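The structure appears right after this line, and notes come after that.
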Amino acid sequence: MESSLAYISEAKPKCEETILTLKGINKWFNRHLQNEVHILKGVSIELKRAEVLVLLGPSGSGKSTLLRCMNLIAPPDTGTLEFEGREWANHKSSWFDVPGKFAQEKRVTELRSKIGMVFQQFNLFPHKSVVQNVMSGLISVKHMSKSEARKLALYELDRVGLAHKADSRPSELSGGQKQRVAIARSLAMKPQIMLFDEPTSALDPELREGVLEAMKQLASEGMTMVVVTHEMAFAREVGDRAIFMDQGQIVEMGEARKLVTQPDNPRTKAFLGSIL
Numbered sequence: 026m027e028s029s030l031a032y033i034s035e036a037k038p039k040c041e042e043t044i045l046t047l048k049g050i051n052k053w054f055n056r057h058l059q060n061e062v063h064i065l066k067g068v069s070i071e072l073k074r075a076e077v078l079v080l081l082g083p084s085g086s087g088k089s090t091l092l093r094c095m096n097l098i099a100p101p102d103t104g105t106l107e108f109e110g111r112e113w114a115n116h117k118s119s120w121f122d123v124p125g126k127f128a129q130e131k132r133v134t135e136l137r138s139k140i141g142m143v144f145q146q147f148n149l150f151p152h153k154s155v156v157q158n159v160m161s162g163l164i165s166v167k168h169m170s171k172s173e174a175r176k177l178a179l180y181e182l183d184r185v186g187l188a189h190k191a192d193s194r195p196s197e198l199s200g201g202q203k204q205r206v207a208i209a210r211s212l213a214m215k216p217q218i219m220l221f222d223e224p225t226s227a228l229d230p231e232l233r234e235g236v237l238e239a240m241k242q243l244a245s246e247g248m249t250m251v252v253v254t255h256e257m258a259f260a261r262e263v264g265d266r267a268i269f270m271d272q273g274q275i276v277e278m279g280e281a282r283k284l285v286t287q288p289d290n291p292r293t294k295a296f297l298g299s300i301l
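All residue numbers for the sequence shown refer to the numbering used here, where the first residue is 26 and numbers rise by one.
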């Protein structure tokens, strides 16, 4: 397994084009209230096209919130995000500017369709079949016909090895299969970036491998990915760069294999020592 992972990492196309930039990102929960919590503290990151960036750190360090800032599920309170030549910032518009709010929501929806996200929990519609789950965004967001959407959905299900489960219900699938359906659903939107928020954390050990293999395949195909994970083998062998976060800040950043095996910062060393 080690040699095959190393081969995937070496075979990936390399690119120096910056696809996503975060500058001075700050995020608070309960801002301006007595129990205010400063989650992200001036975080700045540049993500290259075809790069796999791994986010490491203890619970509560801000990793998942950072992912949600990247596709504006949780827009940053201050700081800017640059994607496809467009800058995004949290400008408060007037409650009376209905056309402006509608236009902004349309732009945000467009951005989210290009920056897909896979969560810890699968978030599948239980009353829909597997293929209908994958089709849903294609019909509601991209306005595809049902026949076109089904054709693309079946293609993406085949990519993750689940075409034979197309007409099954989520309740008939294992946890690992559900997560691969969630990956197929995001891939169907043809995103330029994929965000993964601890995609294997809710799975039993024997179910993780199928999900990790699907992610490794995406990496080998040149998909730009940001992955929050505690899977150190994945981080070491598939990641290009790794970031260690603590208390809402970047503590250490560097080449993934070196950071995981030979970190410089004492806090990084202590964290990795506690999980390896």
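Every residue gets a Cβ at the ideal spot worked out from N, C-alpha and C, and that includes glycine.
Remember, predicted model here, so these are calculated numbers, not experimental data.
(message) Using 8 angstroms for Cβ pairs, my map puts Ser-193 next to Val-155. What's the rounded Cβ distance?
(response) Along the sequence shown, one-based indexing puts residue 193 at 168. Along the sequence shown, one-based indexing puts residue 155 at 130. Rounded to the nearest angstrom, the Cβ distance from Ser-193 to Val-155 is 5 angstroms, consistent with a contact under 8 angstroms.
(request) Pull up the distance between the alpha-carbon of Lys-318 and that of Glu-197, whole angstroms please. (result) Because residue 318 is not part of the residues shown, which for the chain are 26 to 301, the question remains open.
(message) Looking only at its chain, what residues have a beta carbon closer than 8 angstroms to the beta carbon of Gly-162, apart from the 5 residues adjacent to it on each side?
(response) As a position in the sequence shown, residue 162 is number 137, starting the count at 1. Taken in chain order, the residues that qualify are Ser-138, Arg-210, Ala-213 and Met-214.
(message) Taking a contact to mean a Cβ-Cβ separation below 8 angstroms, would you say Asn-51 touches Leu-72 in this structure?
(response) Counting from 1 along the sequence shown, the entry for residue 51 is found at position 26. Counting from 1 along the sequence shown, the entry for residue 72 is found at position 47. In this structure, Leu-72 does not lie closer than 8 angstroms to Asn-51 by Cβ.
(message) For Val-143, which residues in the same chain have their Cβ closer than 8 angstroms to its Cβ, ignoring the five residues on either side in sequence?
(response) As a working mapping, residue 143 is identified with position 118 in the sequence shown. So the list reads Gln-204, Ala-207, Ile-208, Ser-211, Met-219, Leu-220, Phe-221, Asp-222 and Pro-224, once near-sequence residues are dropped.
(request) Label Gln-202 either buried or exposed according to how many other C-beta atoms from any shown protein chain fall within 10 Å of its C-beta, with 16 as the threshold for buried. (result) To locate residue 202, count along the sequence shown from 1; it is residue 177. Taking all protein chains shown into account, Gln-202 has 16 or more neighbouring C-beta atoms within 10 Å of its C-beta and is therefore buried.
(message) Going by beta-carbon coordinates alone, are Ser-86 and Gln-287 separated by less than 8 angstroms?
(response) Taking the sequence shown and counting its residues from 1, the one referred to as residue 86 is at position 61. Taking the sequence shown and counting its residues from 1, the one referred to as residue 287 is at position 262. Cβ atoms of Ser-86 and Gln-287: not closer than 8 angstroms.
(request) Spatial neighbours of Ala-31 within its chain, please: CB distance less than 7 angstroms, with the 5 preceding and 5 following residues excluded, ordered by chain position. (result) Taking the sequence shown and counting its residues from 1, the one referred to as residue 31 is at position 6. In this predicted model, Ala-31 has a pLDDT of only 36, less than 50, meaning its place in the structure is not dependable enough to derive any value.
(message) Let's test the definition: count the other Cβ atoms within 10 Å of the Cβ of Asn-96 and tell me whether it reaches 16, buried, or not, exposed.
(response) Here residue 96 refers to the residue found at position 71 of the sequence shown. With 16 or more other Cβ atoms inside 10 Å of its own Cβ, Asn-96 counts as buried.
(message) Which runs of the beta strand (DSSP E) at least 3 residues long sit entirely within the segment 49–81? Give them in chain order.
(response) 62–73 and 77–81
(request) Measure from the alpha carbon of Glu-256 to the alpha carbon of each residue in Gly-186, Ala-188 and Pro-230, then state which is nearest. (result) Counted from its first residue, the sequence shown places residue 256 at position 231. Considering only alpha carbons, the answer is Pro-230.
(request) Confirm, please, whether the CB-CB distance from Gly-141 to Pro-83 is below 8 angstroms. (result) If you number the sequence shown from 1, residue 83 lands on position 58. If you number the sequence shown from 1, residue 141 lands on position 116. No, Cβ-Cβ distance for Pro-83 and Gly-141 is not below 8 angstroms.
(message) According to DSSP, is Thr-254 part of a helix, a strand, or is it coil?
(response) Here the question's residue 254 lines up with position 229 in the sequence shown. Here Thr-254 sits in coil by DSSP.
(message) As a quick exercise: from Val-166, Val-62, Glu-135 and Arg-74, pick the residue whose alpha carbon is nearest that of Asp-102.
(response) Along the sequence shown, read from residue 1 onward, the residue named residue 102 stands at position 77. Among Val-166, Val-62, Glu-135 and Arg-74, the Cα nearest to that of Asp-102 belongs to Val-62.
(request) Taking Met-95 as part of the alpha helix (DSSP H), name the residues at either end of that continuous run. (result) For this step, residue 95 is matched to residue 70 along the sequence shown. Its alpha helix (DSSP H) spans residues 88–95.
(message) One question on the structure: do Val-252 and Val-79 come within less than 8 angstroms of each other, judged by their Cβ atoms?
(response) Working through the sequence shown from its first residue, we reach residue 252 at position 227. Working through the sequence shown from its first residue, we reach residue 79 at position 54. Yes, these two residues count as a Cβ contact at 8 angstroms.
(request) Please list, in chain order, all residues of the same chain as Ala-174 whose beta carbon is under 6 angstroms from its beta carbon, the five residues on each side excluded. (result) The sequence position of residue 174 within the sequence shown is 149, counting from 1. Taken in chain order, the residues that qualify are Met-160, Leu-163 and Ile-164.
(message) Check this for me: beta carbons of Asp-265 and Glu-76, under 8 angstroms apart or not?
(response) Counting from one through the sequence shown, the residue named residue 265 turns up at place 240. Counting from one through the sequence shown, the residue named residue 76 turns up at place 51. Yes, the pair counts as a contact, with Cβ atoms nearer than the cut-off.
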